[in-house]
Amino acid sequence: MALPAPTDAQLDRSLDEGMKKYFDVCREKLGMLPNVLRAYAFRPAKLRNFVNFYNELMLGESGLSKLEREMIAVVVSSANHCYYCLVAHGQAVRQLSGDPELGEMLAFNYRVAPLNRRQKAMLDFVYKMTTQPFAVDAADRKSLKRAGFSDSEIFDIADTAGFYNMSNRVATAVDMMPNPEYHARNREPARSAGKSKTARGGKGNRR
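Numbering (our numbering), first residue to last: 8 to 214.
1. How long is the line joining the alpha carbons of R50 and M184, rounded to whole angstroms?
2. Within a Cβ cutoff of 7 Å, which residues of the same chain sit near R55, ignoring the five residues on either side of it in sequence?
3. Do V100 and V119 have their beta-carbon atoms positioned less than 8 Å apart in this structure?
4. Return the CA-CA distance between L22 and N62, expressed in angstroms with no decimal places.
5. When you compare the region 91-99 with the region 144-153, are there three or more beta-carbon pairs, one atom per stretch, that lie closer than 8 Å?
6. Report yes if the C-beta distance between Y171 and V83 is below 8 Å; otherwise report no.
7. Starting from the C-beta of I164, find all residues in its chain whose C-beta is less than 8 Å away, skip the five residues before and the five after it, and write them out in chain order.
8. Taking the alpha carbon of R20 as the reference point, which residue from A48, L40, S85 and P11 has its own alpha carbon closest?
9. Locate the alpha helix (DSSP H) running through V100, then write down its first and last residues.
10. Which residues bound the alpha helix (DSSP H) around A114?
11. First and last residue of the alpha helix (DSSP H) that includes P51?
12. What are the complete alpha helix (DSSP H) segments, minimum 4 residues, inside the region 145-190?
13. For D166, tell me which candidate among L10, T137 and N116 has the shortest Cα-Cα distance.
14. In whole angstroms, what is the alpha-carbon distance linking F216 and Q102?
15. Considering Cα atoms alone, identify which of Q139, P187, N186 and A180 is closest to G169.
16. Any idea what DSSP makes of A86, helix, strand or coil?
17. Going by alpha carbons, who is nearest to K46 out of G67, A12, L64 and G38?
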């Protein structure tokens, strides 16, 4: 990233014990410390706010599955051309869906992906919210309703898209680079072309 990231020694001096333990858990589970956390460590209070908001948004209880939330992250990041988030969340889509092609499709053009009605309505909404936020109206929310989303799920869709629009801008502004480990993960051969490839992970894939 263009701004110098804190070194491990600097992190050890600046973080409280709770955040140090959280970073250790990240390293153990992911095999790395995501660079976004290292970047936010410049401002420990903002780091804590970011971590708490992210964990509630992406891992907390919701009618949206974890895969659906990651799909939103990728499509919003694609519209914003955010390299960091496309790489990091593209890997999450590959992992959660078991389909390496899906991550690529969402990153380049979600409309070519084999989406079900619910997923298409969701991604159409967040794409419009990202590229034409002033134009989102009652008709767009009705489209989500017709696809089966509840009021609380519509809020979660908008909340998730809003978070990644913010994150994309910050990551791009400071030239944040994704960890190299993301690139090679979950790229096993795609399933047989003869099988249905509708993206999995509708309702029920919750915490």
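We put the beta carbon where it would ideally sit given N, CA and C, even for glycine.
Please read these numbers as outputs of a predicted model, since none were measured by experiment.
With the given structure in hand:
1. The residue given as residue 50 occupies position 43 in the sequence shown. The residue given as residue 184 occupies position 177 in the sequence shown. Rounded to whole angstroms, R50 to M184 spans 18 Å at the Cα level.
2. Looking up residue 55 in the sequence shown gives position 48. The residues are M26.
3. What you label residue 119 is simply residue 112 of the sequence shown in a count that begins at 1. What you label residue 100 is simply residue 93 of the sequence shown in a count that begins at 1. Not in contact: V119 and V100 (Cβ atoms no closer than 8 Å).
4. As a working note, residue 22 is residue 15 in the sequence shown. As a working note, residue 62 is residue 55 in the sequence shown. Rounded to whole angstroms, L22 to N62 spans 19 Å at the Cα level.
5. no
6. The residue you call residue 171 lines up with position 164 of the sequence shown. The residue you call residue 83 lines up with position 76 of the sequence shown. Closer than 8 Å, so yes.
7. Taking the first residue of the sequence shown as position 1, residue 164 is located at position 157. Around I164: L71, I79, M129, F132, V133, L151 and F156.
8. Indexing the sequence shown from 1 puts residue 20 at position 13. Closest option to R20, Cα to Cα, is A48.
9. Translated into positions along the sequence shown, residue 100 becomes position 93. Unbroken alpha helix (DSSP H) run through V100: Y90 to S104.
10. In the sequence shown, counting from the first residue as 1, residue 114 sits at position 107. P107 to N116 is the span of the alpha helix (DSSP H), which, as asked, contains A114.
11. Here the question's residue 51 lines up with position 44 in the sequence shown. Unbroken alpha helix (DSSP H) run through P51: P51 to L66.
12. 145-153 and 158-180
13. Within the sequence shown, numbered from 1, the residue matching residue 166 stands at position 159. Cα-wise, what sits closest to D166 is T137.
14. Any property of residue 216 remains undetermined from this structure, which presents the chain solely from 8 to 214.
15. Residue numbering aside, residue 169 sits at position 162 when the sequence shown is read from its first letter. The residue with the shortest Cα to Cα distance from G169 is Q139.
16. Within the sequence shown, residue 86 is the residue found at index 79, counting from 1. Three-state DSSP puts A86 in a helix.
17. Numbered from its first residue, the sequence shown carries residue 46 at position 39. At residue 46 the sequence reads Ala, which differs from the Lys that was named. Nearest option by C-alpha distance: A12.
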